[in-house]
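**Student:** In the working numbering, the protein residues as written are 931 to 1926.
Glycine included, each C-beta is placed from N, C-alpha and C at the ideal position.
If you're wondering where the values come from, they're calculated on a predicted model, not measured in any experiment.
1) So residue 1729 is in the beta strand (DSSP E); what residue range does that whole segment cover?
2) Enumerate, from N- to C-terminal direction, the unbroken beta strand (DSSP E) stretches of 3 or more residues contained entirely within the segment 1265 to 1331.
3) Excluding the 5 residues flanking residue 1004 on each side, which residues of the same chain have their C-beta closer than 6 Å to its C-beta?
4) Using CA atoms only, rank isn't needed, just tell me which of 1857, 1075, 1204 and 1212 is closest to residue 1565.
5) By Cβ distance, which residues of its chain are closer than 6 Å to residue 1416, with the 5 residues on each side in sequence left out?
6) Ends of the beta strand (DSSP E) at residue 1450?
7) For the putative contact between residue 1811 and residue 1559, defined by C-beta atoms under 8 Å, what is the C-beta separation to the nearest angstrom?
8) Can you look up residue 1127 in the DSSP assignment and give me helix, strand or coil?
9) Below 8 Å between beta carbons: does that hold for residue 1847 and residue 1832?
10) Does residue 1578 come out as helix, strand or coil in the three-state DSSP assignment?
11) Thinking C-beta only, is residue 1781 closer than 8 Å to residue 1751?
12) In angstroms with no decimal places, state the Cα-to-Cα distance between residue 1851 and residue 1536.
13) Over what stretch of residues does the beta strand (DSSP E) that includes residue 1615 continue unbroken?
14) Does DSSP classify residue 1261 as helix, strand or coil?
15) Among residues of its own chain, excluding the 5 on either side of residue 951, which ones have a beta-carbon nearer than 8 Å to its beta-carbon?
16) Looking at the unbroken beta strand (DSSP E) that takes in residue 970, where does it start and where does it end?
17) With a CB to CB cut of under 6 Å and the five nearest residues on each side skipped, what residues in its chain are close to residue 1045?
18) May I have a chain-ordered list of the alpha helix (DSSP H) segments no shorter than 4 residues that lie completely inside the segment 1510 to 1591?
19) Check for me: the beta strand (DSSP E) holding residue 1945 runs from which residue to which?
20) What is the residue span of the beta strand (DSSP E) that residue 1427 lies within?
21) Which two residues bound the contiguous alpha helix (DSSP H) that contains residue 1838?
22) Using beta-carbon positions only, say whether residue 1609 and residue 1640 come within less than 8 Å of one another.
23) Just to check my reading of the structure: residue 1498 and residue 1875 have Cβ atoms closer than 8 Å, yes? What is that Cβ distance to the nearest angstrom?
24) Is the segment 1344 to 1359 close to the segment 1050 to 1065, with three or more CB pairs under 8 Å?
25) Would you tell me roughly how many angstroms separate the C-alpha atoms of residue 1769 and residue 1673, rounded to the nearest one?
26) Please return the same chain residues whose Cβ sits closer than 6 Å to the Cβ of residue 1227, not counting the five positions on each side in sequence.
27) Can you tell me which of the three DSSP states residue 1400 falls into?
28) Name the DSSP beta bridge partners of residue 1011, please?
29) With distances taken between CB atoms, is the gap from residue 1642 to residue 1722 smaller than 8 Å?
30) Please list, in chain order, all residues of the same chain as residue 1257 whose beta carbon is under 6 Å from its beta carbon, the five residues on each side excluded.
31) By the DSSP assignment, the alpha helix (DSSP H) with residue 1713 in it spans what residues?
32) How about residue 1140 and residue 1732: are their beta carbons less than 8 Å apart?
33) Could you check where the alpha helix (DSSP H) with residue 1175 kicks off and where it finishes?
34) Would you mind working out which of 1100, 1462, 1408 and 1473 sits nearest residue 1395, comparing C-alpha positions?
35) Can you tell me whether DSSP reads residue 1597 as helix, strand or coil?
36) Would you verify that the beta carbon of residue 1110 is, or is not, closer than 8 Å to some beta carbon of chain C?
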């Protein structure tokens, strides 16, 4: 019965195809119908019907674009056009699940109609409705073996819908296989579309969040309007929000294009938060997330983007290459193999390459570096067919499936084989022709023309698609021939060699024809004259017609580390059940003050007790603190490192953006901060906005994923900015200090109006439901003291104005940042309960910072203001103990100086209940110093975060030795993979990793 159903399905598909020109075609035939045969028999080939399934001496029967039979030894049926493919290999046609076919550029003057207020939101764009792709791109992709592709738009952040199309030369109406299959989103904005917002990564993420919310609201709003009998005014019309309707309900896939492992993590988090059905176009850096990806099943499409070899041609050049770049050069070609080894399903795309001609060579490199040929074929056929929902008609060579085929001269995955033909829905497209001649061998050639040679020996060898050779005159050394190629259409050979053999300066261009064992042609000399020659083959060449991809990169056992750079960790440090530091000078920064010859006891990541001769649990890790000092982990309440972007300046008011969305694990400053004893930092939005974005509290848990750096359940703070910075954007309001104050006030009032609208609707449930506005929600949280203000500024008058504005609206400013004139209003700050976060001695670096004093911190502390130091600088954040030490010269005591980078810092940003002192119950963040921590000669020997030792000088020494070892191995690998004729010094080696 199953066989009968299969035959009936085949009959229906075949008949429907036969009648395509009649019953299924809307366009009338002009003139006579096309009458080319659709009946073909491909005989004698080696046929790979599916990954791991091979038929020798097989025949494929095609009728009207569909495979009607496939098997070994089948006879060609009468009436079929026979294609003799003996010695050739046939694969299922490839499928590219992320192809840029062009055709999505905006019209001159920009998009028109009720699309979206932001030109970067083009969700309304349809690749089906606008299918007018670039034929050059289509032919280039087809020549690589692809018969079908997901055509993906590339303009904007929300880019529109992607459609599955075949890559034939048929009309656009006949090429669409699955229209508007998935919405597509990318993290990079298109400058061609214009628009000021967003211009940062966190702004892009905020726009995505708001658009997802708006699309869901849009559906409800229009439903309310229709169910009211259209008795109320309709909501706005937005084609973009309407187009996102199915996606936000999880009914249409959303394809995220990511360019790094961190963008993948951000996209995944967005998909989870907004309940999307995500697909991911990867970056080629997935090997850095193998531990994460092996637990996930969402479709993944990976490019074969392998970096060029770093420049290690001389010691100076090699010194400038980072370990991260060396590792990526070595590991990127193993990315597909590592995914396959971890059991992660993935498709391969030709997208992302600087030249599409790199695709097949890079594919072979991936196979040579560990990806099995079967897995590679699956990633190009069955896996993308499944993702795109066309697996019943595409992906394998089977009866009833569409005749999409790749005809190759050999094994496409292990040999340098040329693609001969590509079939798309039963139509053959020639890609290359076999060489008409084989010129390889040893030739005796001669010329009677003056200025050339009487006799010479020409040797040509190697595979036909990569011939190499030499030419040698009597009593002279051989000269390499370069650029040897055979013109398939004419059978002629072209090459170049250095004219020094002839006593000429410059290159000689040689062109010739081979007829059996005779060779004749002419040479173009650098003198401008031409000379003829002729010759005979004296010795045939014995060797393979195609080269085999050879792995030239030595095998190196590189450990998995995170981040993938210098000092990366193989795993998070263990958290001992108990740790005791004995006989040290302990700076508690709490009620106990500074204790000599004291012990610190930690259990399960928390401080238990500080005292003398403490009893530790059995098995506790004992650390001898004799002669050493122990302090709480240092805190920096103002940094900008460790994130992908700092300012979102597209709008003046942007509290909806969140720095926590753009934490990067690939940040060496986290390690350097640990080395300086810093365990907690607050990463702030920049100062380009009167109201900037939400800040993020980070613990320096080196080696973690981005979200693992975040301090859990931390209070929320937002960055305000006063003074020069927020008013200096020439194309944006405000442009004056007065305007800064006024735009803040106006948005406070707007938020209260927004709140009233919501309360009224929730009470009456009448009319169009209000939309959730992330910007207004954030400002309401500010007004309701759920989101605390920490404000950049310098001048005392502006700080006072902000404090009074907050009092007017009934809330409190948490902290003033920088505050070089804070000493002028110390009493007012004390009265209002506002903390001051200042520099130790910065000032006069611009006009509004001119009236600074190095006594600022002391004066504030004497007035009773909670006073903390900050860095606002990556370098300074690695030595905050030095900054505290500088205060001693202003008369501040040692304990008070240490407070400015520990407990006062914690108070200033509202986390003193958890860190900042060595009081019982607080997080076990502490530092062991080899001397007084306020001395510039002192080093942090160990830095502990949450009871885990994330840094030690001893481990650092081991890591430095391992870095040197890895660098040496990788540099040798680069040199080994370089072409033999690469320059010894100077230009960078540009070989592909893994092959020549």
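**Tutor:** Well, looking at it:
1) For the purposes of this step, residue 1729 is taken as the residue at position 799 of the chain shown. Here residue 1729 belongs to no beta strand (DSSP E); instead the alpha helix (DSSP H) covers 1726 to 1738.
2) 1277 to 1279
3) Counting from 1 along the chain shown, the entry for residue 1004 is found at position 74. Within the same chain, residue 1004 has close Cβ partners 989.
4) Looking up residue 1565 in the chain shown gives position 635. The option with the nearest alpha carbon to residue 1565 is 1857.
5) Here residue 1416 is taken as the residue at index 486 of the chain shown, counted from 1. Hits under 6 Å: 1365 and 1423.
6) Working through the chain shown from its first residue, we reach residue 1450 at position 520. Note, residue 1450: beta strand (DSSP E), 1448 to 1454.
7) As a position in the chain shown, residue 1811 is number 881, starting the count at 1. As a position in the chain shown, residue 1559 is number 629, starting the count at 1. Actually they do not touch by this definition, with Cβ atoms about 10 Å apart.
8) One-based indexing of the chain shown puts residue 1127 at position 197. If DSSP states are grouped into helix, strand and coil, residue 1127 belongs with coil.
9) In the chain shown, counting from the first residue as 1, residue 1847 sits at position 917. In the chain shown, counting from the first residue as 1, residue 1832 sits at position 902. A contact, by the Cβ cut-off of 8 Å.
10) Translated into the one-based positions of the chain shown, residue 1578 becomes position 648. The answer is coil: DSSP assigns residue 1578 none of H, G, I, E or B.
11) Your numbering for residue 1751 matches position 821 in the chain shown. Your numbering for residue 1781 matches position 851 in the chain shown. Their beta carbons are under 8 Å apart, which means residue 1751 touches residue 1781 by this criterion.
12) Residue 1851 sits at position 921 when you count from the first residue of the chain shown. Residue 1536 sits at position 606 when you count from the first residue of the chain shown. So the alpha carbons of these two residues sit roughly 6 Å apart.
13) Reading the chain shown from its first residue, position 685 is the one you call residue 1615. Where residue 1615 is concerned, there is no enclosing beta strand (DSSP E), given that its DSSP letter is neither H nor E.
14) Locating residue 1261 in the chain shown gives position 331, where the first residue counts as 1. Looking at residue 1261 - three-state DSSP - the assignment turns out to be helix.
15) Position 21 of the chain shown, counted from the first residue, corresponds to residue 951. Low confidence applies here, because residue 951 scores a pLDDT of 49, under 50, leaving its location unreliable and the question unanswered by this model.
16) As a working note, residue 970 is residue 40 in the chain shown. Looking at the DSSP string, the run of the beta strand (DSSP E) that includes residue 970 is 969 to 980.
17) For the purposes of this step, residue 1045 is taken as residue 115 along the chain shown, with counting starting at 1. Once the five neighbours on either side are set aside, the close Cβ partners of residue 1045 are 1054, 1169 and 1170.
18) none
19) In this structure the chain extends from 931 to 1926, so residue 1945 is not present and cannot be described.
20) Stepping through the chain shown from its first residue, residue 1427 is reached at position 497. Run containing residue 1427: 1422 to 1428, per the beta strand (DSSP E) assignment.
21) The residue given as residue 1838 occupies position 908 in the chain shown. First-last of the alpha helix (DSSP H) with residue 1838: 1833 to 1838.
22) Along the chain shown, one-based indexing puts residue 1609 at 679. Along the chain shown, one-based indexing puts residue 1640 at 710. Their beta carbons are not under 8 Å apart, which means residue 1609 does not touch residue 1640 by this criterion.
23) Here the question's residue 1498 lines up with position 568 in the chain shown. Here the question's residue 1875 lines up with position 945 in the chain shown. Not a contact, Cβ separation roughly 17 Å.
24) no
25) As a first step, residue 1769 is located in the chain shown; it is residue number 839 there, counting from the start. As a first step, residue 1673 is located in the chain shown; it is residue number 743 there, counting from the start. If I take the Cα positions, the gap works out to 28 Å.
26) The sequence position of residue 1227 within the chain shown is 297, counting from 1. Same-chain partners within the cutoff: there are none.
27) To locate residue 1400, count along the chain shown from 1; it is residue 470. Strand, per DSSP.
28) Here residue 1011 is taken as the residue at index 81 of the chain shown, counted from 1. Per DSSP, 970.
29) Position 712 of the chain shown, counted from the start, is the residue given in the question as residue 1642. Position 792 of the chain shown, counted from the start, is the residue given in the question as residue 1722. Contact flag unset, no.
30) For the purposes of this step, residue 1257 is identified with residue 327 of the chain shown, where counting begins at 1. Here the set comprises 1494.
31) Residue numbering aside, residue 1713 sits at position 783 when the chain shown is read from its first letter. From DSSP, the alpha helix (DSSP H) with residue 1713 extends over 1704 to 1713.
32) Walking along the chain shown from the start, residue 1140 turns up at place 210. Walking along the chain shown from the start, residue 1732 turns up at place 802. Taking 8 Å as the Cβ cut-off, residue 1140 and residue 1732 do not qualify as a contacting pair.
33) Translated into positions along the chain shown, residue 1175 becomes position 245. Per DSSP, residue 1175 belongs to the alpha helix (DSSP H) from 1175 to 1178.
34) Residue 1395 sits at position 465 when you count from the first residue of the chain shown. With distances taken between Cα atoms, residue 1395 lies closest to 1473.
35) Working through the chain shown from its first residue, we reach residue 1597 at position 667. Coil, per DSSP.
36) Absent here is chain C; the protein component of the structure consists of one chain.
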